[in-house]
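Heads up, the thing below is written out as structure tokens.
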Amino acid sequence: MDLHNTLLPLLAQSDAPSGFGAWLAVTGLLTGVIGYIVSGVIGRRGVGQAAADAQRVADATIAGAKAEAATLLKQAELDAQTQLGKRRSAFEKETEAARNEAAEKERRLTKREDQLDKKIDNLATQEKDLGIRDTQLKAEQHAIAAKREEADGIVAQRRDEFEQHTQRMKAELQRVSHLSEDDAKREMMALLEQQLTHEAGALVKQVTERAEEEAKENAQKITLTAIQRYASEHTAESTTNAVKIEDEALKGRVIGREGRNIRAFEQTTGVDVVVDDTPGVITVSCFDPVRRAIAAETLRRLIDDGRIQPTRIEEVFNQVTEEMDAKLVKYGKEACVEANILGLHPQISKAMGRLHYRTSYGQNILRHSHEVAYLCQVIADELGLDGELARRCGFLHDIGKALDHDVEGGHPKIGADFCRKYGEKEAVLNAVEGHHNDIPPTTPYTPIVMAADAISGARTGARRESLERYVKRLKELEQIARDQRGVREAFAIQAGREVRVIVDPDGVNDNDCHAIARHIAKRVSEELTFPGEIKVSVLREMRTIEFAK
1191 MDLHNTLLPL LAQSDAPSGF GAWLAVTGLL TGVIGYIVSG VIGRRGVGQA
1241 AADAQRVADA TIAGAKAEAA TLLKQAELDA QTQLGKRRSA FEKETEAARN
1291 EAAEKERRLT KREDQLDKKI DNLATQEKDL GIRDTQLKAE QHAIAAKREE
1341 ADGIVAQRRD EFEQHTQRMK AELQRVSHLS EDDAKREMMA LLEQQLTHEA
1391 GALVKQVTER AEEEAKENAQ KITLTAIQRY ASEHTAESTT NAVKIEDEAL
1441 KGRVIGREGR NIRAFEQTTG VDVVVDDTPG VITVSCFDPV RRAIAAETLR
1491 RLIDDGRIQP TRIEEVFNQV TEEMDAKLVK YGKEACVEAN ILGLHPQISK
1541 AMGRLHYRTS YGQNILRHSH EVAYLCQVIA DELGLDGELA RRCGFLHDIG
1591 KALDHDVEGG HPKIGADFCR KYGEKEAVLN AVEGHHNDIP PTTPYTPIVM
1641 AADAISGART GARRESLERY VKRLKELEQI ARDQRGVREA FAIQAGREVR
1691 VIVDPDGVND NDCHAIARHI AKRVSEELTF PGEIKVSVLR EMRTIEFAK
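Going letter by letter, the sequence shown gives residues 1191 to 1739 in the numbering used here.
In structure tokens:
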């Protein structure tokens, strides 16, 4: 027990491995047991013998324990060295990896530094090159400026030398001729003028004498031949169309309740309707023959249909207008065939169809165009010119009269612009625009058209001047009304005793209507000459249409 008690504290204080401590604990336990046994033996054999035995056992046990302890200690040292070697290897591997990573980073940094150094060197090289180029450019600019100054100096010097030489030559010429420059020019021009005047006078006299001898005879022959070879009926148009009715009661339906139907008809068609005591007739009056024909046909269809009301009036009017366009095309084509005119543009042909309804001094313009075309061909053939071209010029010479209701200006200029738009020849354009001496003739066909036009208009019964004056006054009356701001359309009715003006309801209010009427009446009084008085009616109507479905 004393040995056990002595070993335990020593073991607790030692740094031996845990296996060795366990071995000591077992040894102590065995020592205790042995001590207990020895105590029993001592009790039986005696203290002395027991002590000796115990001492032997203890020595043997201690010796074995020490040997075992030494073995365990060596094993523990070996294990410790093995663990230390493993940890050292792991540490060395980690250290090597960290060292390699640091080396890689250092390599990358070095590479980047090298690249930056290269870029810096390149920039420095480029900057140096730019400096050299800038220096060269400045040197070149200075050189160019110097050369320009040198060239300017040479030019100025040459100019001065030329002027001095010119002055010397002028002075020398004046000295030799004893004349100034202006005097020399005047004398030279006077001499040339005298020579040219003398020669021109002789030539003109010779040509004039020969032309006068032949002109009268040839002109009379050509004119008489042209007139004798063409004969045309005399035409006289009026400005009214009479629409026949079978029942006098229809006049009341045409007028409508409180005049509603007749007002709608006149406003839609732009004509004047005269319903008087003449039995079986309603008169449609308008100076525009196309408008009058459309209105008369519209009224006939309304009377035949029996439904006479504002909506129906507009419907029939639009239908008749479309049919009239087709008729104009037909009349134009027929006129071209009759006059043997080939290759006309469809729009020109349609415009010629409008002349079927147009008159001048009572003479139908389309028939007049046929007559002038034929006369132009006869005259051109007698003169040895192109008869087909002359016929074309004469046929188209009054085409502007088909358009002058819609376009401002004289009919020669309007017609020439219209034909130019559709590709007519220059000879035709000059004949159309110059047949009233508005422009100088550039081809012989223009005087031929002028002569044929005069022949056609001068024959007996061809024209009535009073009608032309009347139509001109109505056109001027409508034009004065259309010139006002806000006017949409204007119609001269009642044979020129009234002008009906239709204004835009969105742009003109009721107060403006009174001002427009007064202004038109004032201009008509100041600018036109007319018998009696003219009534100015300004209409402003707002119409709204919806459909129920």
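From the three backbone atoms N, C-alpha and C, an ideal C-beta is built for every residue, glycine too.
Report all residues from its chain with a CB closer than 6 Å to the CB of A1707; omit the five preceding and five following residues, and keep chain order. V1726 and V1728
Just list the alpha helix (DSSP H) runs in the region 1550–1633, keeping only unbroken ones of 4 residues or longer that don't cross its boundaries, in chain order. 1555–1572, 1577–1586, 1601–1611 and 1616–1624
For I1334, three-class secondary structure by DSSP: helix
Does the Cβ-Cβ distance between I1472 and I1498 come in under 8 Å? no
From the DSSP output, in three-state form, read off V1480 for me. helix
Quick check: the Cα distance between S1539 and L1489, rounded to an integer number of angstroms? 28 Å
How would you call Y1564, buried or exposed, if buried means at least 16 neighbouring beta carbons within 10 angstroms? buried
Taking the beta carbon of S1279 as the centre, do at least 16 other beta carbons fall within 10 Å, making it buried, or is it exposed? exposed
Go to K1739, then tell me how far its beta strand (DSSP E) extends in each direction, as first and last residue. That residue, K1739, is in no beta strand (DSSP E); it is neither H nor E in DSSP.
To the nearest whole angstrom, what separates the beta carbons of L1573 and A1525, a pair I think is in contact under 8 Å? Not confirmed; about 26 Å, so no contact.
Please classify D1462: does DSSP put it in a helix, a strand, or coil? strand
In whole angstroms, give me the CA-to-CA distance for F1681 and F1477. 10 Å
Can you tell me whether E1723 is buried or exposed? The criterion is at least 16 other CB atoms within 10 Å of its CB, across all chains shown. exposed
Please report how far the alpha carbon of E1528 lies from the alpha carbon of S1559, in whole angstroms. 11 Å
If contacts are defined as beta-carbon pairs under 8 Å, then A1541 and A1592 qualify, I think. What distance do you get, rounded to the angstrom? 4 Å
I think V1510 touches I1484, with their Cβ atoms under 8 Å apart; what is that distance to the nearest whole Å? 5 Å
Answer with buried or exposed for Y1635, where buried requires no fewer than 16 other C-beta atoms within 10 angstroms of its C-beta. buried
With DSSP run on the structure shown, which of helix, strand or coil describes L1729? strand
Please state whether DSSP places I1472 in a helix, a strand or coil. strand
Determine the extent of the alpha helix (DSSP H) in which F1507 is found, giving its start and end residues. P1500 to A1529
Per DSSP, what kind of secondary structure is F1720 in: helix, strand or coil? coil
Measure the CB-CB distance between E1717 and I1683 and report whether it falls below 8 Å. no
Inter-residue Cα distance where the pair is E1296 and K1264: 47 Å
In this structure, how does DSSP classify I1252 when only helix, strand and coil are distinguished? helix
Whole angstroms are fine: how far does the CA of E1282 sit from the CA of A1255? 40 Å
Per DSSP, what kind of secondary structure is I1710 in: helix, strand or coil? helix
Taking only beta-carbon atoms, is Q1265 less than 8 Å away from chain D? Among the chains of the structure shown, chain D does not appear; only one protein chain is present.
Please list the terminal residues of the continuous beta strand (DSSP E) segment that includes I1692. E1688 to V1693
I1445, enclosing alpha helix (DSSP H) - first and last residue: A1439 to I1445
State the Cα-Cα distance for the pair N1393 and L1381, rounded to the nearest angstrom. With the sequence shown as reference, residue 1393 is identified as Leu, and Asn is not the correct amino acid for it. Looking at the two C-alpha atoms, the distance is approximately 19 Å.
Opening and closing residue of the alpha helix (DSSP H) in which I1538 lies: P1536 to R1544
Please identify the residue among L1619, T1501 and A1390 whose C-alpha is closest to the C-alpha of I1735. T1501
Closest by C-alpha distance to V1691, when choosing among R1349, E1456 and R1481: E1456
Can you tell me where the beta strand (DSSP E) holding E1679 begins and where it ends? V1677 to I1683
So, with DSSP's three-state summary, where would you put N1431? strand
Could you tell me the alpha carbon to alpha carbon distance between P1755 and E1623, rounded to whole angstroms? This structure does not reach residue 1755, given that the chain is present from 1191 up to 1739, and the question cannot be answered.
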